[in-house]
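One structure is given below, encoded as C-alpha cells.
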Amino acid sequence: MPTPLLALDGVSKSFGAVAALRDVRLELHAGEAHALVGENGAGKSTLVKILAGVHAPDAGTVTLDGRPLLLSGPADARAAGIAVIYQEPTLFADLSVAENIFMGRQPLRSLRRVDYAAMRERAAELFARLGVRLDPDRPARGLSIADQQLVEIAKAISLDARVLVMDEPTAALSGIEVERLFAVARSLRDAGTAVLFISHRFDEVFALCQTVTVMRDGRWVSTDPAGTLTVDEVVRRMVGREVSAMYPKQDTAPGEPRLQVRGLTRHGVFDDVTFTVHAGEIVALAGLVGAGRSEVSRAIFGVDRHDAGEVLLDGSRLPNGDTAAAIRAGLALVPEDRRQQGLVMELSVERNTNLPRRWRLSRGGLLFGGDERRAATTWAQRLQVKAGRLTDPVSTLSGGNQQKVVLAKWLATAPKVLIVDEPTRGIDVGTKAEVHRLLSQLAADGVAVLMVSSELPEVLGMADRVLVMHEGRLTADIPRARADEQSVMLAATGQAAAA
Amino acid sequence: MTAVDTAPAETATGGGARLARRAFAVRELGIALALVLLVVTTTVVNPRFLSAQNLKDLLLGSTILAILAVGQAVVVITRNVDLSIGSILGLSAFATGAVFVAVPGLPIPLMLVIGTALGAVLGAVNGGLIAAARVPALVVTLGTLYMFRGVDYMWATGRQINAADMPAAFLGMGTATVLGVPVLALFAAAVLVAVGYVLRNHRSGRELYAIGSDPAAARLSGIPSGRRVFYAFVTSGALAGLAGVLHAARFGTLDANAGLGTELNVVAAVVVGGVAIFGGSGSVYGAALGAVLLTTIRAALPVLGINPFWQDAAVGALILAAIGLDRALSARVARSLRERKAHV
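Sequence order for the protein chains is A and B.
For the first sequence, this note's numbering begins at 1054 and goes up steadily by one.
For the second sequence, this note's numbering begins at 29 and goes up steadily by one.
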C-alpha cells in the first residue's frame, strides 16, 4: 500500500465520562472514496469533527502526507486542505447564498474589497457544475433542507480540497440530486481527492466507495474493500447482532375513517389534496423533496394556515391554523427536523417528554418533580431511550435517542392520529427497526398513522397504502399490493396519471 | 421605490430574491421616508422648522447620537449589545476637560486621538471580559456601565469643568460650520462612511454579519469569532470615546453625569434604524438615520404643540412601529420566497 494521504492512528476522545472514540484508526488514500458506517452514537460525527479541527483528540495521531497534523481550529483544517460537509447544514440565514459559500475567502478586488460580481459568478458556476438552479443572490433564509445541503456541497467543492469529508450529505436529497452529487464526488475522486463518505444508505455506500470502514460504540471494527462485503455483513458488524426484520408491518384491517382531508390548498405550496386515513392504517406520503409533503402535514396539524379545504378528525372539522385545537382533538405531529421543530434542545429529557401534556400533569398550575419524573420514566423505558439521566439536556443524546424522545413526547398524549415526518431520518439501523416496530404496534392498537418518508424501502415496507405527491398535487393512491419502486417513482416524478 | 432595482443585472435574477433585496433597501428607505414625512408635517405647522439655523441645530443634535449608534450597530450586528457606551462617553468627556486643564496648549487633533484611544481601551475591557469569561455581553456591559461611571464619579469628586477651562478653539469646533454644515456632523459622516465601507466591502465586516446570523456556524466556518467580537467592542468603545470629546466641545460644561442614560437612546436608534436586535442584518446607515429620526422627533413634538411629556411615549411607539414593520416585511419576503420557490 502507498502512504495514505490522511491517517488517524490510535485516536481517542472523551467528553466528560463518555468515551466517544477509543483507539480508532482510519487511512484515506488519494483518489479513493472511503465509506464510514456505523450506528448513531458509534462515534462517526466525533471523528468528522476531529478531522474538521472542531475537537482535538485526547490521544493518538493524525498525519497528513506522513507528517503529523495539529489542528487547533476549523480554519487550520481548511488550510490543510480538508473540507467538511456537516450532517446538519450550517448556513447564515441573513446572508446571500453566494456569501455563504465564500465566507472568509470571498474573491477580492482592489483595496481588498469583496468582489461581489466575481463571487456571484463563481457561485453560479458551482451550481451549474452540480446541475442545480439556485439563485446566488437570494438569502439563505427560507431554503429547503435539500437546497441548504446543496449550498453546503457547493461550499465544500469550492475549496478544491485534498480531503473531502461528507457526513450524511444525501439525507435530504432526492434521487436526481444524489446522482449529481455522486457524479461530482466521483470526478473529484478521480482527480486525486480522498473522499470520506458517511451514510446510512447502503446502496449509496456501495455505489460510490471502494473501501468500507465499520465503527461500533466508538471503536474501529473493520476496514475492507467494498467488493468483498455484502449489505447483510456490514449491518451485522455495525450492530454486532442480526437485525430482525427491518419492516415488521403487522397486517391490520382498517377501521373507521379517522383523518379526512378534503380539497386542502395552500396557494403556491399544495393544491386540492384529498385523502382519508383509517384507524389501524399506516398511510405513507411519498414524493420527491419539495413536493409539498411536509407542508401538507404542517397544514393538517395547524402549524400553517390553509387557504381552502378542510380537515376532519372523526367527522368533526378542525379549526384552521390552530395547533392547540388539533392536539386536543387527538392529533400528533412528529416533525421532520427534530432539532429545530421537535425538541427544545436546552431542556431536559423529561421536560421535553412532558411538554405537550404539561397542563394535564400539573396540579393547581404547578408541576411537581416527582410527577414529571414518573411520567417521563414510563415513556423513556417503553421506548428504550438511552440517556445518562432524564434531567440531562436532550442535546446530549444521540440522534436516534433524540428521535425517540420526540416520539415519546407525542405518544404520551395518546393520539388518535399520528403524523410522522421522516421518522427515521439520520438515525441508525437498530433504532430504525425499533421505530418501525413501534409504528406498526400503534397501528395495530387502532391509531391512524400518516407517514411522510423519502426512503422508498421504508414506504414500501411499512405502508398499507402509498399516497404520492408531485409538485403540490396528489398524483397517486397505491394500495400495498400494487406498490413497488417503479409505480411510486413514476408517480413521484409526475409521469403517471392520477390513480 | 422602483428606483431601487432598476439595475439591468438584476432583471436576470429571480423575482423572490429581487423582492427580498428590495425589502432590505426599504428598511433604510422606510426610515428616510418617515423622516421626510415628519419634517414636512412639522414645517407645514411651523415654516420656521425648516430654517437654516434649525436644520443646523438638528444636525448638531444628531451628531453624537449618530456616532454612538454606528458603534452600537457594529456590536448589535454580531448579536451582542454594548450598554456601557454612555459611561464611556462620560469618562472620555471628563477626561477631555481634565487634560485641557492640565495641558492647556494641547493640539485639538491630539485630544481627539486621546479620547478615542481611551474609549478603545474601555471597549477592550468589555471585549476581553466577554471573550475570556464567556459571559453574555448584556451582563458584562451592564457591569461596566456602573464601573466606568463609578470611576468617573471618583475622578470628578463633584467637580465641574467649565468652558473657561478649555481652549476657545476647541469650543469653537463645537459650533463651527463648513459651508453651512456643522463640523461635528462632518465627523459623524466620516465615521459613518468609513465603518459602512468596512462592513460592506471587507471580509472582516462580512464576518461580523456571519457571526450575528449564526454563531455556531461561524465557528465551524473557521471565522475567528472571539477576535472579531472583541474588535467590535473596541470599535464601539472608541467611537463612544470620540463622542465624549465632541460632547465636551459642544457643551463646554462637564461633570461626571455626561452621557448618563444615553445607552438606551442609542439602542433605540439602532433598532428604529432597522438593525435586527438578534444580529446578522441591518446597516450602520440605518442606525445613523435612526439617530437623526429620534433627534428630529424630539425637536418636532414641541413645534407640533404636543406635550413634551409625550415625547418618550412617541419614541417608544416608533420603536414598536419599526419592529412591526420589520416583522411585516420579513413575513412578506418569506411568502414571496415560498410562492416563487427556491429555484429560479
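Where a beta carbon is used, it is the ideal one built from N, C-alpha and C, also for glycine.
Nearest-angstrom Cα separation, counted from residue j out to residue i
| i | j | result |
| --- | --- | --- |
| L321 (chain B) | I113 (chain B) | 20 Å |
| V67 (chain B) | A316 (chain B) | 17 Å |
| E1508 (chain A) | T1281 (chain A) | 26 Å |
| R1075 (chain A) | V1107 (chain A) | 18 Å |
| V1296 (chain A) | G1374 (chain A) | The predicted model places V1296 (chain A) with a pLDDT of 47, which falls under 50 and marks its position as unreliable; any figure quoted below should be read in that light. Distance between the alpha carbons of V1296 (chain A) and G1374 (chain A) is about 41 Å. |
| W183 (chain B) | T263 (chain B) | 25 Å |
| D1188 (chain A) | G1321 (chain A) | 19 Å |
| R355 (chain B) | I1103 (chain A) | 40 Å |
| A1461 (chain A) | A1529 (chain A) | 32 Å |
| G234 (chain B) | I95 (chain B) | Here the sequence assigns Arg to residue 234 (chain B), which means Gly is not the residue at that position. Cα to Cα, the separation comes out at about 21 Å. |
| T1246 (chain A) | A260 (chain B) | 39 Å |
| P1532 (chain A) | A244 (chain B) | 45 Å |
| E1080 (chain A) | A1105 (chain A) | 16 Å |
| R1006 (chain A) | S1415 (chain A) | Since the first residue of chain A shown is 1054 and the last is 1552, residue 1006 (chain A) is not available in this structure. |
| L282 (chain B) | F215 (chain B) | 21 Å |
| P1057 (chain A) | R256 (chain B) | 37 Å |
| G1343 (chain A) | E1232 (chain A) | 17 Å |
| D1168 (chain A) | V153 (chain B) | 34 Å |
| R1269 (chain A) | L357 (chain B) | 49 Å |
| F258 (chain B) | G265 (chain B) | 11 Å |
| A1545 (chain A) | L1341 (chain A) | 6 Å |
| T1305 (chain A) | P1409 (chain A) | 29 Å |
C-beta neighbour in chain B for residue i, strict 8 Å
| i | result |
| --- | --- |
| G1374 (chain A) | no |
| Y1300 (chain A) | no |
| Q1159 (chain A) | yes |
| T1143 (chain A) | yes |
| V1216 (chain A) | no |
| R1242 (chain A) | no |
| V1296 (chain A) | Low local confidence applies: a pLDDT of 47 at V1296 (chain A) is under 50, so the model's placement there is unreliable, with the coordinate-based value given in what follows. It does not; no Cβ of chain B falls within 8 Å. |
8 Å Cβ cutoff, residue i in contact with chain A
| i | result |
| --- | --- |
| G318 (chain B) | no |
| E291 (chain B) | no |
| E56 (chain B) | no |
| S241 (chain B) | yes |
| A244 (chain B) | yes |
| R355 (chain B) | no |
Contacts of residue i in chain B (Cβ-Cβ under 7 Å)
| i | result |
| --- | --- |
| L1172 (chain A) | The question names Leu, but residue 1172 (chain A) is Met in the sequence shown. Per Cβ cutoff of 7 Å: no residues; M1172 (chain A) is ~10 Å from chain B at best. |
Cross-chain neighbours of residue i in chain A, by beta carbon under 8 Å
| i | result |
| --- | --- |
| R395 (chain B) | With chain B covering 29 to 372 only, the question about residue 395 (chain B) has no answer from this structure. |
| N190 (chain B) | Result: empty, since nearest Cβ-Cβ is about 45 Å, beyond 8 Å. |
Beta-carbon neighbours of residue i, restricted to chain B and to distances below 8 Å
| i | result |
| --- | --- |
| P1127 (chain A) | R247, L248, S249, G250 |
Per-residue contacts from residue i into chain A (C-beta, under 9 Å)
| i | result |
| --- | --- |
| A461 (chain B) | Only positions 29 to 372 of chain B appear in the structure, and residue 461 (chain B) is not among them; the question remains open. |
Closer than 9 Å at the beta carbon, the chain B residues around residue i
| i | result |
| --- | --- |
| R1131 (chain A) | S249, G250 |
Under 7 Å from the C-beta of residue i: neighbouring residues of chain A
| i | result |
| --- | --- |
| R231 (chain B) | G1157, Q1159, V1167 |
Any non-hydrogen atom of the ligand HEM closer than 7 Å to residue i Cβ
| i | result |
| --- | --- |
| A1385 (chain A) | As far as ligands go, the structure on display features none, and thus does not contain the ligand HEM. |
**Message:** Beta carbons nearer than 7 Å to chain A: which residues of the stretch 280-311 of chain B have them?
**Reply:** G308, S309
**Item:** Against chain A: residues of the stretch 107-135 of chain B by CB proximity under 9 Å
**Value:** none
**Asked** Can we say the stretch 229-239 of chain B touches the stretch 1144-1154 of chain A, given the rule of at least three CB pairs closer than 8 Å?
**Response** yes
**Asked** Name the residues in the stretch 1105-1127 of chain A whose C-beta lies less than 9 Å from a C-beta of chain B; which are they?
**Response** A1105, G1106, V1107, G1126, P1127
**Message:** Does the contact criterion of 3 or more C-beta pairs under 8 Å hold for the stretch 284-295 of chain B versus the stretch 137-144 of chain B?
**Reply:** no
**Message:** Below 8 Å, how does it come out for the stretch 1086-1097 of chain A and the stretch 1465-1482 of chain A: are there three or more Cβ pairs, yes or no?
**Reply:** yes
**Message:** Assess contact between the stretch 1318-1338 of chain A and the stretch 1520-1528 of chain A, defined as three or more Cβ pairs (one per stretch) separated by less than 8 Å. Is contact present?
**Reply:** yes
**Request:** Please confirm if the stretch 296-315 of chain B is in contact with the stretch 71-79 of chain B, defined as three or more CB-CB distances below 8 Å between the two stretches.
**Result:** no
**Message:** Under 8 Å: do the stretch 116-128 of chain B and the stretch 173-189 of chain B share three or more Cβ pairs, one atom per stretch?
**Reply:** yes
**Request:** Could you tell me whether the stretch 86-103 of chain B touches the stretch 202-220 of chain B, where touching means 3 or more Cβ pairs closer than 8 Å?
**Result:** yes
**Request:** Taking 8 Å as the threshold, find out whether the stretch 1214-1226 of chain A comes into contact with the stretch 1450-1461 of chain A through three or more Cβ pairs.
**Result:** no
**Prompt:** Within the chosen definition, does the stretch 1428-1446 of chain A reach the stretch 1204-1221 of chain A through at least 3 CB pairs nearer than 8 Å?
**Reply:** no
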